[in-house]
Amino acid sequence: MTIPFWISGGRTIDLLNIQPEDVSAELLADALAKLNRFSGRSPEPWSVAAHSVLVERLCPLELGPWALLHDAHETIVGDMTTPAVELIAASGRLPHLASVIATVKGRIDRVIGAAWNVPVRSVSHELRRADRIALQAEAILFLGVKPVLFDPHDDDEIDRAMSILMELQDLRDWRASRELWLARVEYYALLGGMSPPKAPTASDALA
310 MTIPFWISGG RTIDLLNIQP EDVSAELLAD ALAKLNRFSG RSPEPWSVAA HSVLVERLCP
370 LELGPWALLH DAHETIVGDM TTPAVELIAA SGRLPHLASV IATVKGRIDR VIGAAWNVPV
430 RSVSHELRRA DRIALQAEAI LFLGVKPVLF DPHDDDEIDR AMSILMELQD LRDWRASREL
490 WLARVEYYAL LGGMSPPKAP TASDALA
């Protein structure tokens, strides 16, 4: 059994047998930069690539490589918002849907982590907190909504995230977010923190 998945360059990948070249930096960057947060409902585009850079900025250095990759599974499953998952679960009487989706994301994370030689840190308390703070800052800036704080100690970090967001205004252009995401990947690769797999060549596509 295979599950074919179309990608650019006239190629398909098998989701049951993802290869390192299927999750190259170029392919991930392009897809993450074109995926919008909040299902595209912000007044201006804000990409998952830009969000990943924000989370990276909020994390300590050792978590930076996985912070850039923590949502890379969305290049395959999409940015499924929590309300959307809850709606599907409720409509189909599927109480375990969120758990199934988390399992699929985790499987893809492990493939990407192995291909990039980066430890999967999705359960890291620090990374999850940075992701939560980034979400709240983005909701304030882009949607005008202040979510209920999960932790009152988040206030100062949300202010810091808001400041970073103001610095990253240019990332509303998907090309800018793509290039900055790739630049941060290159930075960590030079530090030895990740080894991005090579993108397929034109000859590979014809093979």
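By the numbering used here, the letter at position 17 of the sequence shown is numbered 326, and the numbering carries on one by one without gaps.
Note that beta-carbon positions come from the ideal geometry of N, C-alpha and C, so glycine has one too.
All of these numbers come straight from a predicted model, not from anything done at the bench.
Check this for me: beta carbons of Val-429 and Arg-437, under 8 Å apart or not? As a first step, residue 429 is located in the sequence shown; it is residue number 120 there, counting from the start. As a first step, residue 437 is located in the sequence shown; it is residue number 128 there, counting from the start. Note that the C-beta distance between Val-429 and Arg-437 is not below 8 Å.
What is the rounded straight-line gap between the Cα of Thr-412 and the Cα of Thr-391? Position 103 of the sequence shown, counted from the first residue, corresponds to residue 412. Position 82 of the sequence shown, counted from the first residue, corresponds to residue 391. Roughly 15 Å between the two C-alpha positions.
Answer yes or no: do Met-503 and Pro-374 have a C-beta to C-beta separation smaller than 8 Å? The residue you call residue 503 lines up with position 194 of the sequence shown. The residue you call residue 374 lines up with position 65 of the sequence shown. Yes, they are a contact pair.
Looking at Pro-506 and Val-332, is the spacing between their C-beta atoms short of 8 Å? Looking up residue 332 in the sequence shown gives position 23. Looking up residue 506 in the sequence shown gives position 197. Yes.
Are the beta-carbon atoms belonging to Ile-410 and Leu-324 less than 8 Å from one another? Taking the sequence shown and counting its residues from 1, one reaches residue 410 at position 101. Taking the sequence shown and counting its residues from 1, one reaches residue 324 at position 15. Their beta carbons are not under 8 Å apart, which means Ile-410 does not touch Leu-324 by this criterion.
Taking the alpha carbon of Ala-448 as the point to measure from, which residue in Ser-433, Ile-467, Leu-344 and Thr-321 has its own alpha carbon closest? By 1-based counting over the sequence shown, the position of residue 448 is 139. If we check each option's Cα against that of Ala-448, Ile-467 comes out closest.
Return the CA-CA distance between Asp-464 and Asp-339, expressed in angstroms with no decimal places. Against the sequence shown, residue 464 aligns to sequence position 155. Against the sequence shown, residue 339 aligns to sequence position 30. Going from the Cα of Asp-464 to the Cα of Asp-339 covers about 33 Å.
DSSP beta-bridge partners of Met-404: Here residue 404 refers to the residue found at position 95 when the sequence shown is read from its first residue. The amino acid occupying residue 404 in the given sequence is Pro; Met does not appear at that position. Bridge partners of Pro-404: none, in fact.
For Arg-298, which residues from the same chain have a beta carbon less than 8 Å from its beta carbon, with the 5 sequence-adjacent residues on both sides left out? Any question about residue 298 goes unanswered here, given that the chain covers just 310 to 516.
Run the proximity test for His-360: is its beta-carbon closer than 7 Å to any non-hydrogen atom belonging to the ligand COA? This structure lacks the ligand COA, and indeed carries no ligand of any kind.
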